[in-house]
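Shown next, in structure tokens, is the structure this report addresses.
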Amino acid sequence: DLSPAVSALSSAPCLAHLELRHNAIDALVQLNVLGQLPPVPSVLVADNPVCESPMMRPYLIFRLGLSVSKINGKDVKSPEVLAANTMFNPLVHTIARHAASTKQVCAERLASLAVQHHYHTH
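Each residue of the sequence shown is one higher than the one before, starting from 7 at the first, in the working numbering.
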């Protein structure tokens with residue numbers, strides 16, 4: 007879990023390089039917390055299972071935004087930034103909409119159950 011380390015680094019005014027080698031990062035979701043960091047121009051995540059995913063680089067570009075210029079020693083190009091944002095931005099909005107919708111449905115269901123419970127007990 008990268009959260010404790012990211013929390014400690016999130017108050018840093020700037021970071022020049024972040025090295026996350028050999029941290030057993032095996033899922034893209036574990037990279038989400040990196041979006042909470044101040045701008046990071048260079049990130050090294052090599053030697054983690056997540057690097058086997060072809061989605062790792064675009065996802066990391068999306069999460070770190072325009073501040074990242076190198077990932078695993080390879081320059082980030084403008085077309086990659088555009089592609090990553092095109093790929094993941096709609097997904098983020100869809101997930102947020104679904105979460106809000108699910109929350110509303112759950113609230114309505116709980117209210118319905120509370121009303122039913124009230125009538126059954128009185």
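Quick reminder that beta carbons are idealized off the backbone N, C-alpha and C, glycines included.
Contact under 8 Å by Cβ, P45 with S73: yes
The alpha helix (DSSP H) enclosing V12, as first and last residue numbers: 9–15
First and last residue of the uninterrupted beta strand (DSSP E) at L50: 48–50
Buried or exposed (CB count within 10 angstroms, at least 16 for buried), N95: exposed
Residue range of the unbroken alpha helix (DSSP H) whose run includes R63: 62–70
Distance between A22 and S16 (C-alpha atoms, nearest Å): 13 Å
Simplified DSSP state of L88, which is helix, strand or coil: helix
P64 burial status per 10 Å Cβ neighbour count (16 or more: buried): buried
Backbone CA spacing between R27 and V51 [nearest angstrom]: 5 Å
Distance, A30 Cα to P47 Cα: 22 Å
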